[in-house]
Structures are given as C-alpha cells and as structure tokens.
Amino acid sequence: MDFCCSQNQKHPSKHNKKRLNPEQVRLPDRSFTSNNKLEPERKLQLAEQLVLPLRQVAIWYQNKRARWKTQSLELEHNVLHQELENALVENRWLEKDMERLKGELAKAQDMVLPLKQTGRYSLAKYRPTRNPEVEPLPRAAPRT
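For the record, in the sequence shown the residue sitting at position 129 is 129 according to UniProt numbering, with numbers rising by one throughout.
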C-alpha cells in the first residue's frame, strides 16, 4: 500500500471533490424549500435518487441551511438598519422642530413679560368658561 495514495483517498484535494451538477442540485433545493430539516428517510431517498453518499447529502443540507441563515440575518440586518436610519432622521427633524418651538416660546415670553410688569396682563378674560353640559377635551400626553 502506497502511503501517498492512501492519504489522497482519505483527504482528497479540492479538485478531486465531487461537486453536484445543476441537475443534482435541483432536487435537494426543492426538498429544502419545503423543509429545511433533513429527516433520515428523506436523506436516504435523496441519496438514492442522486446516486450520492448519505454524508454528501447531509453536508449539502448543512451548508444550504448555513447559507440560508446567513441570508436571513443579512436581510434582517438591512431592515433594522433602515429602521434605525428612519428613526435618526425623524429624531433630527423633531430636534429642529423643538428648537423652532423654543424660539417661538421665547419670543412669546418676551412679549408677555413687559405686560406682566405693567399689570396689564391677565389670563382671566381669555380663559373659557366651563359648560357642565359639554365634555372637556382630553389632554394630550406630554412629548418626551
């Protein structure tokens, strides 16, 4: 027995590995689509139909599941990344709006302050009277 040949048989190089041809890939691909877990009976059936060792069918399924999971995670990552971008854009818009409203409030306070100091300012005449027959409007929740 030649040591070199026995080593090559145990660990074939990449060029010697048997790859599935496109026709052989279709059947396990359809099977994977219907169920991504490989039951022993299904593995035996696929191996017989494809004339492949059971181990090769099992490895194909394992690799396909890993690629499928990677693609799923990439899709989920992209969706979450887009949601984050949208939230950041909305946050920037809200911060700008808040600054604008703070400016308006400061202007209004500047207009009211001189009136308060002179005593010509009273909210009493601007407050609506309560009508017991009319339900009060619900208060809006404070923004945080």
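Note that CB positions come from ideal geometry on N, CA and C, so glycine has one too.
ILE59 to ARG65 span [Cα, whole Å]
10 Å
ALA108 to GLN82, Cα distance in whole Å?
39 Å
With a 10 Å radius around its C-beta and 16 neighbouring C-beta atoms as the bar for buried, classify VAL57 as buried or exposed.
buried
Would you report the Cα separation of ASN91 and ARG67, rounded to the nearest angstrom?
36 Å
Burial state of PRO28 (16 or more Cβ within 10 Å)
buried
Counting C-beta neighbours from all protein chains within 10 Å, is the total for SER34 16 or more, i.e. buried, or is it exposed?
exposed
Counting along the chain, where does the alpha helix (DSSP H) carrying GLU39 start and finish?
Segment: none, GLU39 is in no alpha helix (DSSP H) and carries neither H nor E.
I'd like to know whether the C-beta atoms of LEU54 and ALA47 end up nearer to each other than 7 Å.
yes
Beta-carbon contacts of THR70 that lie in its chain and below 8 Å, excluding the five residues immediately before and after:
none
What's the gap between the Cα of ALA87 and the Cα of ALA106?
28 Å
Given a threshold of 16 other Cβ atoms within 10 Å of its Cβ, counted over all protein chains shown, does PHE3 qualify as buried or as exposed?
At PHE3, the pLDDT of 46 sits below 50, so the modelled position is not reliable; the number obtained from the coordinates is stated separately. With fewer than 16 other Cβ atoms within 10 Å, it is exposed.
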